[in-house]
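Protein chains: 2
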Amino acid sequence: MKIAVDVMGGDYAPSAIIEGTAIALKDFSDIELVLVGHLGKISFYLEKFGLARHPRVSLVHAEEVVEMKDASIVTLRSKKNSSISVAARLMKNGEVDAIVSVGHTGAAVAATNVIVKPLPGVDRAPLASVMPAIGGHFILLDAGANTDCKALHLAQFAIMGETYCKHILGVENPTVGLLSIGEEDSKGNDLTKEAFKLLSKMPINFAGNVEGNDLFIKTTDVVVCDGFVGNVLIKACESLAGAINHWMKDVFTKNPVRKTGAILARSAFKDLKAIADAEEYGGIPLLGLNGICIIGHGSSNPKAVRNAIRTCTESVRKRINEKIMARIEESGMTFKNIQSSEAN
Amino acid sequence: MKIAVDVMGGDYAPSAIIEGTAIALKDFSDIELVLVGHLGKISFYLEKFGLARHPRVSLVHAEEVVEMKDASIVTLRSKKNSSISVAARLMKNGEVDAIVSVGHTGAAVAATNVIVKPLPGVDRAPLASVMPAIGGHFILLDAGANTDCKALHLAQFAIMGETYCKHILGVENPTVGLLSIGEEDSKGNDLTKEAFKLLSKMPINFAGNVEGNDLFIKTTDVVVCDGFVGNVLIKACESLAGAINHWMKDVFTKNPVRKTGAILARSAFKDLKAIADAEEYGGIPLLGLNGICIIGHGSSNPKAVRNAIRTCTESVRKRINEKIMARIEESGMTFKNIQSSEAN
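Structure below.
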């Protein structure tokens, strides 16, 4: 199994990324890694983490680096030799099975969609984020890859989410919810009302609308929404969790008694942090592409990179893409099908 | 000043609502309240809280009650004599200056929009939610009144939010942000990209796009979005805060040492709760209607009802509607204007 790692992207690149690949190589003996980046800029770190002459590491030079401020689609055209574009071409040519990137999400989405392309039957590749909730995790998709969606896209997201949930997370017969603003099928916006009708007809375990207030008590295993809503939501929740953390520090240090209490209970704060710990999840898959692509958080540390690589290996080993293609076909939710049924 | 209170809606109706009105009558000597509800069902509580023969209380009978499971628009037609519809008619006829309801939000939005109608120049009335953030509060609107919006609606929300923020919350020259998924004007969905152009031309302090991750560090005083996104967001954040609270209880009671710590720091937990305490905010205004309408949380207790009435008095006293009309006119952001500029 060959995995390309974009070592140039992310807040702590290339050091944290390269260190993470070194850990992954130790932990997973059946993988080969192709590190894609500016060789001049990474050689120091390759030496430092013992990867310069590693038997399971090959290096591919990428002259350009995508900056966080770059616009995704412009990057694709103006920086043809960016590390993410080079990695995408390796995947397109069948030289690697999977890609890991913790850099500019938009650039990774654009490069893989344009260069690697979606699977047959898939119209849009969604980002599937695993989220913590009371009573277990749920998958939210699309977490930000596609801003303006049609009902068919949401239907396909449902299938991809359900398939991922079943085969990668091991959930038997996963339930699927549609993110909306009321439980009844009459509630929602034009998009969700249309999607509700499609989802109701599909051979999935559709549980109807899921409201925002039910999200973190885990109402369904999979929650479907468009990428604008998903992205705003995930980022806002991250922001709120950060604010609560800030307020906690504030209130627990206000006087010596509280401080003593906080010291006694300090391991509780650690437990609390661990619940939402992004490092553990190992990145967010961009589902439905002609190859496996895992996107990590920009702030990924070595452990998070190692876990993103682990997520890749699971997806490759369990042939998730074959399963997605089969399920999409089975569901009849392809553009061709919908078009011909509308023509009749 | 006359305020109609729908005493039938909400999780703890009519008891908590009537108790709240009794507190408001004591605290605000210049108000008269019109309690709208099923007189047979509320007489016990009127006696209990000393309102049966109160000089500043009048009673209006409403035969029907909107249930939480009722669909908003159906309710309006099939339950013409629901407490919220009766209250809306009182406002339409100029018999009251304001309405308070903590019941079915959708029903209140529908009844006031259809019966009371928006102000001249306003096309959609948004719910404006005051949210806590590090560094102060911000107003998010629309928080759920209008699911499918056009750019012009968002532009009008911006003006209404800015006007409310200035005159009611006392913020000099409030900044306005557009909720989106990237800072640049090129980022977002079709709606926000279009809205970005309008907002940039307006005589407001527009600060550009605000991302989800900036929300709770207070990037701007006002944040504008469509009602679907706003509603999902607010409810999801409420749900996440609830989940974090649940996890906190979990981790702080895991062993005796942590428990002792938690007991020492127990006042800190109270402080933390107070930050997000919905009771304090006194309900969410439904802005841009021919009258003042304040919607409270379904779980409103007497204090929250009292504060919702307080919010009403501020809006009436500060003639917020006149200011909104003037600002909408000034901005040129009316449907008529936009239409004629498109025709030219």
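Residue numbers (our numbering), protein chains in the order written: chain A, 0 to 343; chain B, 0 to 343.
Yeah, the Cβ is synthetic: ideal placement off N, Cα and C, and Gly gets one too.
For Ala144 (chain A) and Leu168 (chain B), the rounded distance between their alpha carbons: 37 Å
The region 82-94 of chain A / the region 1-14 of chain A touching (three or more Cβ pairs under 8 Å): With the cut-off at 8 Å, the region 82-94 of chain A and the region 1-14 of chain A touch.
As assigned by DSSP and simplified to three states, the class of Met0 (chain B): coil
Contacts of His245 (chain A) in chain B (Cβ-Cβ under 8 Å): Ile133
Where the alpha helix (DSSP H) containing His245 (chain B) begins and where it ends: 226-251
Option in A:Arg123, A:Phe268, A:Pro119 with minimal Cα separation from Lys356 (chain B): Coverage of chain B is limited to positions 0 through 343, which leaves residue 356 (chain B) absent and any answer about it impossible.
Secondary structure of Glu210 (chain B), DSSP reduced to three states: strand
Proximal chain B residues relative to Leu177 (chain A), where beta-carbon distance stays under 8 Å: Per Cβ cutoff of 8 Å: no residues; Leu177 (chain A) is ~11 Å from chain B at best.
Ser298 (chain B): first and last residue of the uninterrupted beta strand (DSSP E) it sits in: Unbroken run through Ser298 (chain B): none, as it is neither H nor E.
Met67 (chain B), enclosing beta strand (DSSP E) - first and last residue: It is not in any beta strand (DSSP E) - Met67 (chain B) carries neither H nor E in the DSSP assignment.
DSSP beta-bridge partners of Thr174 (chain A): Thr174 (chain A) is bridged to A:Asn204.
Sequence-distant residues of the same chain with beta carbon closer than 6 Å to Ala264 (chain A), five excluded per side: none
Where Leu38 (chain B) meets chain A, residues with beta-carbon distance less than 9 Å: Correct list: empty, because the minimum Cβ distance to chain A is about 31 Å.
Endpoints, alpha helix (DSSP H) assigned at Ser84 (chain B): 82-91
Asn320 (chain A) to Glu62 (chain B) span [Cα, whole Å]: Near 59 Å, if we compare the C-alpha coordinates of Glu62 (chain B) and Asn320 (chain A).
Cys148 (chain B) - DSSP class collapsed to helix/strand/coil: In this structure, Cys148 (chain B) counts as coil in the three-state DSSP scheme.
Residues that Cys236 (chain B) contacts on chain A, provided the C-beta gap is smaller than 8 Å: Gly211, Ala235, Cys236, Leu239, listed in chain order.
Strand pairing of Ala127 (chain B), partner residues [DSSP]: Looking at the DSSP assignment, Ala127 (chain B) forms a beta bridge with B:Leu140.
DSSP-derived helix/strand/coil call for Asp5 (chain B): In this structure, DSSP gives Asp5 (chain B) an extended state, which the three-state scheme calls strand.
Inter-residue Cα distance where the pair is Ile114 (chain B) and Lys79 (chain B): 11 Å
Interface flag, Ile283 (chain B) vs chain A, CB-CB below 8 Å: No, because no Cβ of chain A sits closer than 8 Å to the Cβ of Ile283 (chain B).
Contacting residues, own chain, Cβ-Cβ under 6 Å from Cys292 (chain A) (five flanking each side not counted): Ile98, Thr111, Leu285
Which residues DSSP lists as bridging Ile294 (chain B), in chain order: B:Ser100, B:Ile283
Candidates B:Ile216, B:Lys196, B:Phe215, of which the one nearest Gly351 (chain B) by Cα: There is simply no residue 351 (chain B) to check, as chain B begins at 0 and stops at 343 in what is shown.
Terminal residues of the alpha helix (DSSP H) in which Glu321 (chain A) lies: Glu321 (chain A) -> alpha helix (DSSP H) spans 319-330.
Closer than 7 Å at the beta carbon, the chain B residues around Gly9 (chain A): Within 7 Å Cβ-Cβ: nothing; Gly9 (chain A) doesn't reach chain B, min ~16 Å.
Integer Cβ distance of Ala142 (chain A) from Ile133 (chain B), believed to fall under 8 Å: 24 Å between Cβ atoms; not a contact.
Chain A residues whose Cβ lies nearer than 7 Å to that of Gly143 (chain B): Ile180
Beta-carbon neighbours of Leu75 (chain A), restricted to chain B and to distances below 8 Å: Simply none; closest approach about 14 Å.
Option nearest Lys272 (chain A) by Cα separation, candidates B:Asn244, B:Ala275, B:Ala150: B:Asn244
Beta carbon proximity, Thr174 (chain B) to chain A, threshold 8 Å: no
Contact set for Gly295 (chain B): own chain, Cβ-Cβ below 6 Å, skip 5 residues either direction: Val101, Gly282, Ala303, Ala307
Beta carbon of Met67 (chain A) nearer than 8 Å to that of His37 (chain A): No, Cβ-Cβ distance for Met67 (chain A) and His37 (chain A) is not below 8 Å.
Lys47 (chain A) to Ala150 (chain B) span [Cα, whole Å]: 53 Å
Whole-Å CB distance - Val175 (chain B) paired with Leu190 (chain B), under 8 Å assumed: At roughly 16 Å, the Cβ-Cβ gap does not stay under 8 Å, so Val175 (chain B) and Leu190 (chain B) are not in contact.
Bounding residues of the beta strand (DSSP E) (the contiguous stretch that carries Glu46 (chain B)): Per DSSP, Glu46 (chain B) belongs to no beta strand (DSSP E); it is in the alpha helix (DSSP H), 38-47.
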